[in-house]
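Remarks on the structure that follows.
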Amino acid sequence: MRRIISVLLENEPGALSRVVGLFSQRNYNIETLTVAPTEDETLSRLTVTTTGPDRVIEQITKQLNKLVEVVKLVDLTEGPHIERELMLIKLKATGSQRAEIKRTVDIFRGQIVDVTSSVYTVQLAGPSDKLDGFVQAIGASGVLEVVRSGISGIARGEKVLSL
Amino acid sequence: MELLSGADMLIRSLQDQGIEYIYGYPGGAALHIYDALFRQDEVKHILVRHEQAAVHMADGYARATGMPGTVLVTSGPGATNTITGIATAFMDSIPMVVLCGQVASTLIGEDAFQETDMMGVSRPVVKHNLSVRHPSEIPEIIRKAYYIASTGRPGPVVVDIPKDMTAPNERFEYAYPKKVKLRSYNPAIRGHAGQIKKAVDMMLAARRPVIYAGGGVILGKASGQLTELVRKLGYPITNTLMGIGCYPASDKQHLGWLGMHGTYEANMAMHHSDLILAVGARFDDRVTNATEKFCPGARIIHIDIDPASISKTIDADVPIVGPVDAVLKEMLALVKESKEKPDAEAIASWWKQIDEWRAFHGMRYETSPDVIKPQEVVEMLHRLTNGDAFVTSDVGQHQMFAAQYYKFDKPNRWINSGGLGTMGFGLPAAMGIKLTHPDDEVLCITGEGSIQMNIQELSTCNQYKLPVKIINLNNQALGMVKQWQDMNYESRHSHSYMESLPDFIKLAEAYGHVGIRIDKKEDLEPKLKEALAMKDRLVFVDIQVDRFEHVYPMQVARGCMKDMWLSKTERV
Numbered sequence: 001m002r003r004i005i006s007v008l009l010e011n012e013p014g015a016l017s018r019v020v021g022l023f024s025q026r027n028y029n030i031e032t033l034t035v036a037p038t039e040d041e042t043l044s045r046l047t048v049t050t051t052g053p054d055r056v057i058e059q060i061t062k063q064l065n066k067l068v069e070v071v072k073l074v075d076l077t078e079g080p081h082i083e084r085e086l087m088l089i090k091l092k093a094t095g096s097q098r099a100e101i102k103r104t105v106d107i108f109r110g111q112i113v114d115v116t117s118s119v120y121t122v123q124l125a126g127p128s129d130k131l132d133g134f135v136q137a138i139g140a141s142g143v144l145e146v147v148r149s150g151i152s153g154i155a156r157g158e159k160v161l162s163l
Numbered sequence: 001m002e003l004l005s006g007a008d009m010l011i012r013s014l015q016d017q018g019i020e021y022i023y024g025y026p027g028g029a030a031l032h033i034y035d036a037l038f039r040q041d042e043v044k045h046i047l048v049r050h051e052q053a054a055v056h057m058a059d060g061y062a063r064a065t066g067m068p069g070t071v072l073v074t075s076g077p078g079a080t081n082t083i084t085g086i087a088t089a090f091m092d093s094i095p096m097v098v099l100c101g102q103v104a105s106t107l108i109g110e111d112a113f114q115e116t117d118m119m120g121v122s123r124p125v126v127k128h129n130l131s132v133r134h135p136s137e138i139p140e141i142i143r144k145a146y147y148i149a150s151t152g153r154p155g156p157v158v159v160d161i162p163k164d165m166t167a168p169n170e171r172f173e174y175a176y177p178k179k180v181k182l183r184s185y186n187p188a189i190r191g192h193a194g195q196i197k198k199a200v201d202m203m204l205a206a207r208r209p210v211i212y213a214g215g216g217v218i219l220g221k222a223s224g225q226l227t228e229l230v231r232k233l234g235y236p237i238t239n240t241l242m243g244i245g246c247y248p249a250s251d252k253q254h255l256g257w258l259g260m261h262g263t264y265e266a267n268m269a270m271h272h273s274d275l276i277l278a279v280g281a282r283f284d285d286r287v288t289n290a291t292e293k294f295c296p297g298a299r300i301i302h303i304d305i306d307p308a309s310i311s312k313t314i315d316a317d318v319p320i321v322g323p324v325d326a327v328l329k330e331m332l333a334l335v336k337e338s339k340e341k342p343d344a345e346a347i348a349s350w351w352k353q354i355d356e357w358r359a360f361h362g363m364r365y366e367t368s369p370d371v372i373k374p375q376e377v378v379e380m381l382h383r384l385t386n387g388d389a390f391v392t393s394d395v396g397q398h399q400m401f402a403a404q405y406y407k408f409d410k411p412n413r414w415i416n417s418g419g420l421g422t423m424g425f426g427l428p429a430a431m432g433i434k435l436t437h438p439d440d441e442v443l444c445i446t447g448e449g450s451i452q453m454n455i456q457e458l459s460t461c462n463q464y465k466l467p468v469k470i471i472n473l474n475n476q477a478l479g480m481v482k483q484w485q486d487m488n489y490e491s492r493h494s495h496s497y498m499e500s501l502p503d504f505i506k507l508a509e510a511y512g513h514v515g516i517r518i519d520k521k522e523d524l525e526p527k528l529k530e531a532l533a534m535k536d537r538l539v540f541v542d543i544q545v546d547r548f549e550h551v552y553p554m555q556v557a558r559g560c561m562k563d564m565w566l567s568k569t570e571r572v
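Which chain is which? The protein sequence lines are A and B, in order.
Terminal number for the first sequence in the UniProt record's numbering: 163, no gaps in between.
Terminal number for the second sequence in the UniProt record's numbering: 572, no gaps in between.
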């Protein structure tokens, strides 16, 4: 099962490489990884999605917790949570395709953020499967370039991951 | 407040940390530090002949004393040469601080002379590493390094020090921090009371219990508590290779050590037990054999300071995260006050069974009228040193024989690279111990393969007058490799044969030491006595032992705990 592990990390050089190194060193899988400083500039928030049997996931959280620079972490998939991914996608848009793409973008509640005579650049946010759905709806032949941010997540309700 | 340069602050920090010895090797990026070292005499520096040996020396010292060892090397090759030593310490959770020079911060990333990304290279084999970014940070970083290295589950910490951080012309206010606090690092200080209670109830209800103790008991200085608890309960105890000495081997409740080359009775008791109390052990593959067949009838209580060690390879029924000494102390108090007592009848019949297993094999080996058996050398050394020596070893058959036949009654006396299995560990580790234990007997039981991996340290021994005794069990082959080739590769001895061994006696003499060769059985005792009598000389004792001996018992690969070879022909 896919897990989303959210980590508060000391915002220091080398901290990220320790996390990434741990995954390769212990043969764990990283599907997506996002990281950026938080409102407290001494901390970074890192979200990693991974898959594996329960025993491996338990080891991943324990091993992450052992890293001296990891302050706190939570497995978001253990409770109700919100997950979002941002995609920027460049699409071939000429002739009748232009209207068709515009309609599809509206259905998926995306935005066209850049336009040339032959290309639309679309911004779309949502759960990963929604992004997959959009790419599928457009069809591979229309896609010029895709950039996805990887998943960010946060727990629902009053639960907070902070110091 | 005092104004000091970065280099002087570093040395002052070591003084204030109470560091007496550091082991190292100078070089360009570390020269400011070496100059600061020269201008004081509180911290003594031991110059090795290869940086790997410096780390093993620090490691030997740490294992014998429980105090963190300290290493100082330069950048690039100086730093990379420490990696095997650091990895050795990491696998066995040994507290250590390794100070590495680095090229000046302005040159980092430019492939400068003797530049290596030591932070990156060391990352997978350290508990933590720290880089100095401003000279004024040095006291705090040193304090943090020792704090992290020696608390929780101990381990090596690397400090990377760019040359400009130690420049003599820039001075800063010096104060050594009394305390250090890291918001992201809080090792457990006691176990969960409810879990401990539950564990004690299970222990008192057990009918076929075994206590399985590991190196964590020694690292956690909990031998006393463990011994008291085990005696109070009257249960059998076995320990891992790393746990040797955590409970007196001569005691009748001790079953010897367990696992791949453990005793028959220890492995049988584990397999047939209904309850295992694992204390500071990590269910390593050299202990469990095939995990899916591991001890089918046993429920498991697992005490460890490191939560990641619990349920990593074998699921624990009752996990207890905490320092072993504190947890065992609480357990002992509960056992004492509990109305429940162990089931005397069940425990007596369990002991009866164990004694039968004991009688069945009893660590026997075949002796010969003329060939010297490695086992008998170790037994004789045990007798001649009253079982009270510090014994270091390298890796291979000699290591197993030393661990099997030297019966340790005290912790911190058996010093070996259990986790990483580093050949070349034994001699420098023995040197690190001898330096701080000049009145104790320090033996390095080794083989002709391993000893050559750090043989250059005979020179260091001469410089600092370190009269360790090197016991070279010379079978003219990489014995353990050869044993596996005998057992699994139809005796195709691919590269396990040492075809051009040096004359170890001349070699020892060339380095200013005494060499003694023993190749006749009748010479064994008198010549060993002669070697041990030379208190102030390093003696290299080269003993020609049986070239065809195997280590037994040996667990059958991919079997369960009780599947063992007991000799070349007997399999159970």
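Using N, Cα and C, we set each Cβ at its ideal position, and we do this for glycine too.
Asked, Found
"For A348 (chain B), is the classification buried or exposed, using 16 other Cβ atoms within 10 angstroms of its Cβ as the cut-off for buried?", "exposed"
"Alpha carbons only, please: which of B:D16, B:H493, B:E330 and B:A281 is nearest the one belonging to L219 (chain B)?", "B:A281"
"F38 (chain B) by DSSP, collapsed to three states: which one?", "helix"
"Which residue from B:I142, B:G66, B:M9 and B:I161 puts its Cα closest to that of D117 (chain B)?", "B:I161"
"Please state whether DSSP places T313 (chain B) in a helix, a strand or coil.", "coil"
"Which ranges does the alpha helix (DSSP H) cover as unbroken runs of at least 4 residues, wholly within the segment 330-364 of chain B, from first to last along the chain?", "344-361"
"Examine chain A for any beta-carbon lying closer than 8 angstroms to the beta-carbon of A308 (chain B), and answer yes or no.", "yes"
"From the DSSP output, which residues share a beta bridge with A269 (chain B)?", "Answer is none; A269 (chain B) lacks a bridge partner."
"Taking the beta strand (DSSP E) that L45 (chain A) falls in, what are its first and last residues?", "A small correction: the amino acid at residue 45 (chain A) is Arg; Leu does not occupy that position in the sequence shown. L43 to T51 is the extent of the beta strand (DSSP E) around R45 (chain A)."
"In the DSSP output, what is F540 (chain B) paired with across the bridge?", "B:I470 and B:G515"
"If we define contact as Cβ-Cβ less than 8 angstroms, is H128 (chain B) a contact residue for chain A?", "yes"
"Taking only beta carbons into account, state which residues of the segment 43-61 of chain A come closer than 8 angstroms to chain B, listed in chain order.", "R55, E58 and Q59"
"Is the separation between the beta-carbon of T49 (chain A) and that of I4 (chain A) shorter than 8 angstroms?", "yes"
"In whole angstroms, give me the CA-to-CA distance for G216 (chain B) and Q483 (chain B).", "30 angstroms"
"To the nearest angstrom, report how far apart D317 (chain B) and L427 (chain B) are at their CA atoms.", "41 angstroms"
"Taking all protein chains shown into account, do 16 or more other C-beta atoms lie within 10 angstroms of the C-beta of H271 (chain B), making it buried, or fewer, making it exposed?", "buried"
"Please list the terminal residues of the continuous beta strand (DSSP E) segment that includes Q102 (chain B).", "M96 to Q102"
"Whose CA, out of B:H550, B:M203, B:I244 and B:E170, lies closest to the CA of A222 (chain B)?", "B:I244"
"Judging by CA-CA distance, which residue of B:M480, B:A508, B:E509 and B:L507 is the nearest neighbour of H495 (chain B)?", "B:M480"
"Please classify R103 (chain A) as buried or exposed, where buried requires at least 16 other C-beta atoms within 10 Å of its C-beta.", "exposed"
"If you follow the alpha helix (DSSP H) that H398 (chain B) is part of, which residue opens it and which one closes it?", "Q397 to Y405"
"Can you grab the Cα-Cα spacing for the pair K336 (chain B) / K178 (chain B), in whole Å?", "39 angstroms"
"With a cut-off of 8 angstroms on the beta carbons, I'd call M1 (chain A) and T51 (chain A) a contact; round off their distance for me.", "7 angstroms"
"Do you know whose CA, among B:L10, B:A389, B:F401 and B:G421, lies nearest L443 (chain B)'s CA?", "B:A389"
"Using 10 angstroms around the beta-carbon of K66 (chain A), count the other beta-carbons present and answer buried if the total reaches 16, otherwise exposed.", "buried"
"Using beta-carbon positions only, say whether A510 (chain B) and F540 (chain B) come within less than 8 angstroms of one another.", "no"
"Kindly list the residues whose CB is nearer than 8 angstroms to the CB of residue 172 (chain A), restricted to its own chain and excluding five residues on each side of it in sequence; keep chain order.", "Outside the displayed range of chain A (1 to 163) lies residue 172 (chain A), so it cannot be described from this structure."
"Taking only beta-carbon positions, decide if S184 (chain B) is within less than 8 angstroms of chain A.", "yes"
"Hey, how far is the Cα of I189 (chain B) from the Cα of L420 (chain B)?", "28 angstroms"
"Considering just the uninterrupted stretch of the beta strand (DSSP E) at H131 (chain B), what are its terminal residues?", "The displayed chain sequence assigns Ser, not His, to residue 131 (chain B). From DSSP, the beta strand (DSSP E) with S131 (chain B) extends over H128 to S131."
"Quick one: what's got a C-beta closer than 8 angstroms to I33 (chain B)'s C-beta in the same chain, skipping five residues either side?", "A7, L10, I11, L72, L99, G101, I161 and T166"
"For Q25 (chain A), go through chain B and note every residue whose CB falls closer than 9 angstroms to its CB, in chain order.", "R123 and P124"
"Does the beta carbon of Q63 (chain A) come closer than 8 angstroms to any beta carbon on chain B?", "yes"
"Taking only three categories from DSSP, how would you classify E2 (chain B)?", "strand"
"Run down chain B in chain order and give the residues with a C-beta less than 8 angstroms from the C-beta of S17 (chain A).", "G120 and R123"
"Output needed for T422 (chain B): all residues of its chain with C-beta closer than 7 angstroms, excluding positions within five of it in sequence on either side, in chain order.", "T84, T88 and V395"
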